[in-house]
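Residue numbers for the sequence shown follow this note's numbering, so the first one is -2 and each next one is one higher. Notes to accompany the following structure.
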Amino acid sequence: MLRLSRPAKIALAVVVAVVLLFLYAPLGLVVLNSFNGARVAGWPIDDWSLRWWGAAFGNDGVRAALGTSLVTAAGATAVAMVLGTLAAFALQRHEFFGRSSVNLMLVLPIALPGIVTGVALSNTYKNVLEPIGIQLGFFGLVVAHATFCIVMVFNNVQARLGRISPSLEEASADLGAGLGQTFRLVTFPAFRTAFVAGALLAFALSFDEIVVTIFTAPPGVETLPIWMYNNMARPTQASILNVVATVVIAFSMIPVYLSQRLARSIHLR
């Protein structure tokens, strides 16, 4: 076991603290300034207020964008939960020609730059589907988000399935349980926490996605990150942007935190 000297531990702790401060201090300032009652955000804060929170949630554009983000993320997560789980079972439980290639194709969207995925899907929608009369509209945006959300569920479920002993399912079958009953009472409870953790990560990833959304959102549809992007250059919206950014941070961090707790509970079993 590697043992660090006391000076090395102190130096490492200082480096970690500096890195964390560099990463999270700007986010902290955004959250604090969302409670700044002044018209122009500044530091230190002299007027603590919920003024801009009221203004933000009274803004029709913000409410519509928040609703769009929630529906899009929920839809993409639902698709990812179904397809990611099915893909995990297919690749974990069965041997077939091209298995490694299919695995690569499932993981590839999360590794590709968002702009590549966005351009590819946009070209497909406009140059392939629309000429033959297929208009995906909002569903196309959900599908676009699902392409990179699937891997979150897939990776979590596949890893968990690899740790489930086949003897449990065999014992269930020997006792007379059918395929559906075995899945419901034995298999699903065994990978349920990994399934939920993957779904939470997929939701967080979809909720704050902007690059793919820019290329695939139908005209007039704004998610919360797109609304922020469109209003960045408007000085009158600066204070409201701090509130919206705080909401995005919360909706991104809470699912990630919960998924980490679930993942930790899996490893402790």
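Glycine included, C-beta positions come from ideal geometry on N, C-alpha and C.
query                                                                                                            : result
Element boundaries [alpha helix (DSSP H), containing A230]                                                       : No alpha helix (DSSP H) holds A230; DSSP gives it neither H nor E.
Cβ neighbours of F192 in the same chain (closer than 6 Å, five flanking residues each side left out)             : V154
Endpoints, alpha helix (DSSP H) assigned at P163                                                                 : 163 to 171
L254 burial status per 10 Å Cβ neighbour count (16 or more: buried)                                              : One point to set straight first is that residue 254 is Tyr, not Leu, in the sequence displayed. Result: exposed.
Close-in-space but distant-in-sequence residues of the same chain around F248 (CB under 6 Å, 5 per side omitted) : F204
Start and end residues, alpha helix (DSSP H) containing H142                                                     : 135 to 158
Cβ distance (whole Å) where F151 is taken to contact G81 below 8 Å                                               : 4 Å
Through-space distance from S66 to V208, alpha-carbon basis                                                      : 14 Å
Identified DSSP bridge partners for W45                                                                          : N33
Outcome for E167 when other beta-carbon atoms lying within 10 angstroms are tallied against a minimum of 16      : exposed
F86: first and last residue of the uninterrupted alpha helix (DSSP H) it sits in                                 : 57 to 90
Euclidean distance between Cα positions of G58 and V28                                                           : 20 Å
N-terminal and C-terminal residue of the alpha helix (DSSP H) that N100 is part of                               : 96 to 108
Neighbour-count burial assignment, L47, 16 or more Cβ in a 10 Å radius                                           : exposed
Distance between beta carbons of L118 and T213, contact taken as under 8 Å                                       : 5 Å
Helix, strand or coil at G111 [DSSP, three-state]                                                                : helix
Whole-angstrom distance between V99 and E92, CA atom to CA atom                                                  : 12 Å
Residue interval of the alpha helix (DSSP H) (run including Q178)                                                : 176 to 179
CB contact flag (I237, N30, <9 Å)                                                                                : no
Closest by C-alpha distance to P252, when choosing among I246, R231, Q234, L197                                  : L197
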